[in-house]
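Please read the structure below before turning to the comments.
There are 2 protein chains.
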Amino acid sequence: MGEKRIRNMEEFAAVVGVSRPTVSKYFNDPASVRKSTRTKIEDALEKHGFRPNIFAMNQNRRLTKNIGIVVPFLADPVFAEIARSVERRCIEAGFHTTLFSSHGERELEIEVLDNLRALRPAGVLLAPLGRKSDIDELARFCEEVPTVLLDRPIDGIGEAFVGSDNFSFVSQSVEYLTRTGEAPCFFEMKNPSPPNAFSRRRQYIEIMEGLGLEPMLVSVDGEGWAFEEIGYNGALRAFAERRFPTDTILCSNDRLAIGLLAACYEKGRRVGRGSGCALRVASHDDHPNARFTCPSLTTVGHDYDVLAARGVERLLELIECGGRFEIRTEELLSARLVLRDSA
Amino acid sequence: MGEKRIRNMEEFAAVVGVSRPTVSKYFNDPASVRKSTRTKIEDALEKHGFRPNIFAMNQNRRLTKNIGIVVPFLADPVFAEIARSVERRCIEAGFHTTLFSSHGERELEIEVLDNLRALRPAGVLLAPLGRKSDIDELARFCEEVPTVLLDRPIDGIGEAFVGSDNFSFVSQSVEYLTRTGEAPCFFEMKNPSPPNAFSRRRQYIEIMEGLGLEPMLVSVDGEGWAFEEIGYNGALRAFAERRFPTDTILCSNDRLAIGLLAACYEKGRRVGRGSGCALRVASHDDHPNARFTCPSLTTVGHDYDVLAARGVERLLELIECGGRFEIRTEELLSARLVLRDSA
DNA sequence: CCGAAAACTATGCGCGCGTAAAACTTTTTA
DNA sequence: TAAAAAGTTTTACGCGCGCATAGTTTTCGG
Chain S
1 MGEKRIRNME
11 EFAAVVGVSR
21 PTVSKYFNDP
31 ASVRKSTRTK
41 IEDALEKHGF
51 RPNIFAMNQN
61 RRLTKNIGIV
71 VPFLADPVFA
81 EIARSVERRC
91 IEAGFHTTLF
101 SSHGERELEI
111 EVLDNLRALR
121 PAGVLLAPLG
131 RKSDIDELAR
141 FCEEVPTVLL
151 DRPIDGIGEA
161 FVGSDNFSFV
171 SQSVEYLTRT
181 GEAPCFFEMK
191 NPSPPNAFSR
201 RRQYIEIMEG
211 LGLEPMLVSV
221 DGEGWAFEEI
231 GYNGALRAFA
241 ERRFPTDTIL
251 CSNDRLAIGL
261 LAACYEKGRR
271 VGRGSGCALR
281 VASHDDHPNA
291 RFTCPSLTTV
301 GHDYDVLAAR
311 GVERLLELIE
321 CGGRFEIRTE
331 ELLSARLVLR
341 DSA
Chain U
1001 MGEKRIRNME
1011 EFAAVVGVSR
1021 PTVSKYFNDP
1031 ASVRKSTRTK
1041 IEDALEKHGF
1051 RPNIFAMNQN
1061 RRLTKNIGIV
1071 VPFLADPVFA
1081 EIARSVERRC
1091 IEAGFHTTLF
1101 SSHGERELEI
1111 EVLDNLRALR
1121 PAGVLLAPLG
1131 RKSDIDELAR
1141 FCEEVPTVLL
1151 DRPIDGIGEA
1161 FVGSDNFSFV
1171 SQSVEYLTRT
1181 GEAPCFFEMK
1191 NPSPPNAFSR
1201 RRQYIEIMEG
1211 LGLEPMLVSV
1221 DGEGWAFEEI
1231 GYNGALRAFA
1241 ERRFPTDTIL
1251 CSNDRLAIGL
1261 LAACYEKGRR
1271 VGRGSGCALR
1281 VASHDDHPNA
1291 RFTCPSLTTV
1301 GHDYDVLAAR
1311 GVERLLELIE
1321 CGGRFEIRTE
1331 ELLSARLVLR
1341 DSA
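Respectively, the protein sequence lines represent chains S and U. The first sequence: position 179 = 179 (our numbering), numbered continuously. Just add 1000 to wherever you are in the second sequence, counting from 1, and you've got our numbering.
Rendered as C-alpha cells:
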C-alpha cells in the first residue's frame, strides 16, 4: 500500500481528481453525479476506503438522516427489546440511529437531550423516564426537535405518542384471572421506577372497583431498577407476614414476577393453574424471558413489533411533513394476553 | 422570558459581554478565566442555560473527553451489565461516553468503528464480536484510536486486553462439579455467537483430558443471540434423544442454562444437589438473573466491577501516556464460583 | 455544425467550536 | 512611577463538511 490513509473529503477528492463538493454530492446521492465521475469515485473508494465524518456532515445539513432513540433504562430487557426493534426499523428506513439511555436518572435524561440536540437529528423517539422527568426540559426539547413519545405519554408533549394501553393490559389480566378463578391482588413497588407503573396501579384499582370488587394492593419497598430482587425480597417478606390476601397475584411487571416466582420456588409454593398449585401468578410486559421462567409466565404483553412499527412510522410521517403535525395523536396499542403456565 | 433561546457560543458570549474564545476557555477550565469574568459567565449561564455543542467541540479539540464503548450485543444482559459498569466508571472519571452495539453483525461492527473514529474519542473500550469480527478493520481502527479490548482478546490487537480468564471459569466449574459428584457434560451451541464460547469449549476439553476424563459435548443447533430459546429447545430435544451422557450438566453460559432450566422444569426433572434431584446444572457468567432462576443457578461469574474497573483504569493510563503502551498487556481476571441451588 | 438548454462541477462561504499567537490589562518589580 | 512580568482577552485561522451560486461542460434540436 504505502499510501497514507485519507483523512478527509478534500484529500479523497484529490486522489479521485474531482472537487470536494462533487464527492459530497456523490455521498448524498450517487445518482447525482455523472456516470464517469461516479465510477472514478467508486474505484477510489474501493482502493482507499473513505467514509465522510458523520458528525461533520450533520453539523450543517438542512435535514440529517439521523434518528435519536432514548430509553429510560437500557439494562432493562424490556427497553432493550423496544430499542432494538425501533433501531432496526429506522435503519431499514435508511436512517442512522443513535441510542441513549437515561439510566433512570433525571439529570442524565436532561444531558441526553442536550447531546441529542447537538446531533441535529431529523427526529427523535423518546421513551421518557415519566414521573422522574423534568417536564419543562422535555417540552423545550420537543419544541426544537421533532419528537414522538414512546411507551409513556406526557400530556401535550411530543408531536405524537405511541405506546401500549395500560387499561388494555390490566383489564385483560384482571378479567382473565377473575374469570378463571378468583380476583387478583396487585403486586407492585410502593415507589415504582417503571414509567407506566402508576398508571397500571390506577387502572387496577379502577377495574376492580368497576367489577364491584375491593382492590388489594401489595406494595413492596425498594428503589431503583433491580426489580427482580425487589420482587424476590418483597415476596419473601409478604409471605412471612401473610400479606397476600388471595392466591392469585397480578404483578405490575414481569421483572417483579420473575423475582416473585423465584421466591415461590424457594418456599415450595407451587405456581400454576393445575390442581397441585398453591398460587397463580400473572403479570404485564411479556419480558423476553417470560417464556423461560418456572413455570412459564402468563402475561399481558406489548406487541413489540407493532409498537416499534407504529412509532417509527409516525416519526417518519412527522419528518416528512416538516416536524409539526396538525393534530397531536396518541395511539394506544392494545396488549395481548399470552397464556402460559403460571396462571 | 421573552428572550429567544441562545443557539451557539457566539450568541452566548455576546449576552455575557466577552468574546467567544473566552467563553470557550471557561468551558474547558473555569479556573482559566478571571474571577470577574467567571461570575459574569456563570450568571448568564444561570439565566439562559447554554451548553456547547459537544460534537462541534470534539471536531477540533486536541484531546477530547470522550470515551467510546462498544459491545457485541447490547440486548444481552451480560453485555448490558458490562457496558453499564464501564460507563459509570468513565463518567466518574470525568469523561463523556458513547455506547455502541454491534448487534451481533460484522458489518455493523465495522460501521460502529467508523462512526467512532468520527467522534475522535480519547480512547475506546471495545468488546469485539470475536470470531465474526473483521480482524483487519479492527487492527486498522486500533492503529488510529487508543483502544483497550474487553472480554474477548484478539491477538496483537488493541493496546491492552482486560477480560475474564476462560480457563479460570471452566476449571472452577468442572473442578467443583467433579469434586462434589460426577464430571459434567458440556452443554453448548454447535455454532456459538458469544465471543468466548469457543474458548470455553476448548478449555472444557483440555481440562477434562487433564483429569483423565472423556470430554462429553452436547452441542445444540441454533443461530443468533436468543440463547434461552436455543437452550430450551436444545434441551428438550436432547432429553428426548437421551443425549445427555451424565446427570451433571455444565452450560457454556447462563442464558443457555436459563433455557435448560425451563426445559427441566417443564419435564419435571428436578434440578439441584438435594436427594430428590435428577440433575445438577451449572454455568458461566453470573447473569443478572442467575439468582432468580428456579432453582437459583450455580455459576462461575465475572467480577463485573473488577472487569470494569481494570478496563477503565487501563484505558485511562493509555490516554495518559499518549495512546501507546510500551508493551501490550493481557489481563485475565479470575472468575469466582457462585454457589447457589442448581448444583 | 451552431447555439441554447440541460447537466454537471467548482468557488466561496457558513456551521459551532478549539487553539496559537497577538494585543491588551493588571500586577509586580526596580 | 515607569518598566517588566504575568495574566487575560481577542484576533485570526482551522476542523470536516453542506449548500447556494456561479461557471463549465455536455447534450440535442434545428
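Each residue gets a CB set at the ideal place from its N, CA and C atoms; glycine is no exception.
*Can you tell me which of U:Glu1143, U:Leu1339 and U:Asn1053 puts its alpha carbon nearest to the alpha carbon of His1284 (chain U)?*
For the purposes of this step, residue 1284 (chain U) is identified with residue 284 of the second sequence, where counting begins at 1. It is U:Leu1339.
*For Met1009 (chain U), the three-state DSSP class (helix, strand or coil)*: Position 9 of the second sequence, counted from the start, is the residue given in the question as residue 1009 (chain U). Residue state, collapsed to three classes: helix.
*Is it right to say Thr1180 (chain U) is buried, meaning 16 or more other beta carbons lie within 10 angstroms of its own, or is it exposed?*
Counted from its first residue, the second sequence places residue 1180 (chain U) at position 180. Thr1180 (chain U) comes out exposed.
*C-alpha gap between Leu1236 (chain U) and Ala1263 (chain U), whole angstroms*: Taking the first residue of the second sequence as position 1, residue 1236 (chain U) is located at position 236. Taking the first residue of the second sequence as position 1, residue 1263 (chain U) is located at position 263. Going from the Cα of Leu1236 (chain U) to the Cα of Ala1263 (chain U) covers about 6 Å.
*Sub-8 Å separation of Ile230 (chain S) and Val220 (chain S) beta-carbons*: Against the first sequence, residue 230 (chain S) aligns to sequence position 230. Against the first sequence, residue 220 (chain S) aligns to sequence position 220. Result yes, Cβ atoms of Ile230 (chain S) and Val220 (chain S) sit closer than 8 Å.
*Within 8 Å (strictly less), CB to CB, does Phe95 (chain S) reach chain U?*
Position 95 of the first sequence holds residue 95 (chain S). It does not: the Cβ of Phe95 (chain S) has no partner Cβ on chain U nearer than 8 Å.
*Helix or strand or just coil, what does DSSP make of Ser1342 (chain U)?*
As a position in the second sequence, residue 1342 (chain U) is number 342, starting the count at 1. In the structure shown, Ser1342 (chain U) sits in coil (DSSP, three-state: anything other than H, G, I, E or B).
*Note down, in chain order, every chain U residue with its Cβ under 7 Å from the Cβ of Pro358 (chain S).*
Shown here, chain S extends from 1 to 343; a query on residue 358 (chain S) therefore has no answer.
*So with Cβ pairs under 8 Å, would you call Pro121 (chain S) a contact of chain U?*
Looking up residue 121 (chain S) in the first sequence gives position 121. Not closer than 8 Å to any Cβ of chain U, the Cβ of Pro121 (chain S) fails to qualify, so no.
*Please confirm if the region 293-307 of chain S is in contact with the region 327-342 of chain S, defined as three or more CB-CB distances below 8 Å between the two stretches.*
yes
*May I ask you to report which of helix, strand or coil DSSP gives Glu1266 (chain U)?*
The residue labelled residue 1266 (chain U) in the question sits at position 266 within the second sequence. Helix.
*Val1015 (chain U): which of U:Asp1136, U:Lys1040, U:Lys1025 and U:Pro1030 sits nearest, CA to CA?*
Along the second sequence, read from residue 1 onward, the residue named residue 1015 (chain U) stands at position 15. Selected option, being the one with the closest Cα: U:Lys1040.
*Looking at the unbroken alpha helix (DSSP H) that takes in Phe1027 (chain U), where does it start and where does it end?*
In the second sequence, residue 1027 (chain U) corresponds to position 27, counting from 1. Residues Arg1020 to Asn1028.
_Pick from S:Leu126, S:Tyr176, S:Ser171 and S:Ala257 that is closest to Pro195 (chain S), judged by C-alpha positions_ = Translated into the one-based positions of the first sequence, residue 195 (chain S) becomes position 195. The candidate whose alpha carbon is nearest that of Pro195 (chain S) is S:Leu126.
_For Arg1242 (chain U) and Arg291 (chain S), what's the separation of their Cα atoms in angstroms?_
Walking along the second sequence from the start, residue 1242 (chain U) turns up at place 242. Walking along the first sequence from the start, residue 291 (chain S) turns up at place 291. Roughly 24 Å separates the two Cα atoms.
*Sorted by chain position, which residues of the same chain lie with C-beta nearer than 7 Å to Ala1309 (chain U)'s C-beta, five sequence neighbours on each side aside?*
As a first step, residue 1309 (chain U) must be located in the second sequence, where it is residue number 309. Around Ala1309 (chain U): Arg1089.
*asked:* What would DSSP say about Met1001 (chain U), mapped onto helix, strand or coil?
replied: In the second sequence, residue 1001 (chain U) corresponds to position 1, counting from 1. Bear in mind that a pLDDT of 45 at Met1001 (chain U), under 50, signals an unreliable position, so the model cannot answer this.
*Looking only at DSSP bridge pairs, what is Asp285 (chain S) linked to?*
Taking the first residue of the first sequence as 1, we reach residue 285 (chain S) at position 285. Answer is S:Gly301, bridged to Asp285 (chain S).
*Give the single residue among U:Thr1097, U:Ala1240 and U:Thr1064 whose Cα lies nearest to the Cα of Val1070 (chain U).*
The residue you call residue 1070 (chain U) lines up with position 70 of the second sequence. Considering only alpha carbons, the answer is U:Thr1097.
*Would you report the Cα separation of Phe1187 (chain U) and Leu1333 (chain U), rounded to the nearest angstrom?*
The residue labelled residue 1187 (chain U) in the question sits at position 187 within the second sequence. The residue labelled residue 1333 (chain U) in the question sits at position 333 within the second sequence. Their backbone Cα atoms lie some 24 Å apart in a straight line.
_Buried or exposed for Arg1255 (chain U), going by 16 or more other Cβ atoms inside 10 Å?_
Here residue 1255 (chain U) refers to the residue found at position 255 when the second sequence is read from its first residue. Flag for Arg1255 (chain U) reads buried.
_Ile157 (chain S) beta carbon less than 8 Å from that of Leu177 (chain S)_ = The residue given as residue 177 (chain S) occupies position 177 in the first sequence. The residue given as residue 157 (chain S) occupies position 157 in the first sequence. Against a cut-off of 8 Å, the Cβ pair of Ile157 (chain S) and Leu177 (chain S) comes out as no contact.
*Counting along the chain, where does the alpha helix (DSSP H) carrying Met189 (chain S) start and finish?*
To locate residue 189 (chain S), count along the first sequence from 1; it is residue 189. First-last for Met189 (chain S): Cys185 to Met189, but that is the beta strand (DSSP E), not the alpha helix (DSSP H).
*Let me know the secondary structure DSSP gives Leu1333 (chain U) once reduced to three states.*
What you label residue 1333 (chain U) is simply residue 333 of the second sequence in a count that begins at 1. Of the three classes helix, strand and coil, the one that applies to Leu1333 (chain U) here is strand, per DSSP.
*Going by alpha carbons, who is nearest to Arg273 (chain S) out of S:Val174, S:Thr248, S:Phe239 and S:Leu113?*
Mapped onto the first sequence, residue 273 (chain S) falls at position 273. Closest by alpha carbon: S:Thr248.
*Curious, which full-length beta strand (DSSP E) runs of at least 3 residues does the region 122-207 of chain S contain?*
123-126, 147-150, 160-164 and 185-189
*Using a C-beta cutoff of 8 Å, does Leu1099 (chain U) count as contacting chain S?*
The residue labelled residue 1099 (chain U) in the question sits at position 99 within the second sequence. Yes, contact with chain S.
_Determine whether the beta carbon atoms of Leu119 (chain S) and Asn166 (chain S) lie at a separation below 8 Å._
Numbered from 1 along the first sequence, position 119 holds the residue referred to as residue 119 (chain S). Numbered from 1 along the first sequence, position 166 holds the residue referred to as residue 166 (chain S). Contact: no.
*Relative to the C-alpha of Phe1227 (chain U), which residue among U:Pro1077, U:Pro1052, U:Ala1013 and U:Tyr1026 is closest?*
Indexing the second sequence from 1 puts residue 1227 (chain U) at position 227. Out of U:Pro1077, U:Pro1052, U:Ala1013 and U:Tyr1026, U:Pro1077 has the C-alpha closest to the C-alpha of Phe1227 (chain U).
*asked:* Per the DSSP calculation, His96 (chain S) is bridged to which residue(s)?
replied: Position 96 of the first sequence holds residue 96 (chain S). Beta-bridge pairing links His96 (chain S) to S:Asn66.
*Could you give the residue range of the beta strand (DSSP E) that holds Leu250 (chain S)?*
The residue given as residue 250 (chain S) occupies position 250 in the first sequence. Looking at the DSSP string, the run of the beta strand (DSSP E) that includes Leu250 (chain S) is Thr248 to Cys251.
*Whole-angstrom distance between Phe1141 (chain U) and Ser1168 (chain U), CA atom to CA atom*: Reading the second sequence from its first residue, position 168 is the one you call residue 1168 (chain U). Reading the second sequence from its first residue, position 141 is the one you call residue 1141 (chain U). Looking at the two C-alpha atoms, the distance is approximately 30 Å.
*Closer than 8 Å to chain U by CB, Asn66 (chain S)*: Counting from one through the first sequence, the residue named residue 66 (chain S) turns up at place 66. No, because no Cβ of chain U sits closer than 8 Å to the Cβ of Asn66 (chain S).
*Looking at C-beta atoms only, is the number of pairs between the region 40-57 of chain S and the region 104-114 of chain S that lie closer than 8 Å three or more?*
no
*Checking contacts by CB at 8 Å: is Asn1060 (chain U) closer than that to chain S?*
Taking the first residue of the second sequence as position 1, residue 1060 (chain U) is located at position 60. Asn1060 (chain U) does not count as touching chain S.
*asked:* Can you tell me whether Gly1002 (chain U) is buried or exposed? The criterion is at least 16 other CB atoms within 10 Å of its CB, across all chains shown.
replied: Taking the first residue of the second sequence as 1, we reach residue 1002 (chain U) at position 2. With a pLDDT of 43 at Gly1002 (chain U), under the threshold of 50, the modelled position of this residue cannot be trusted, and the question is left open.
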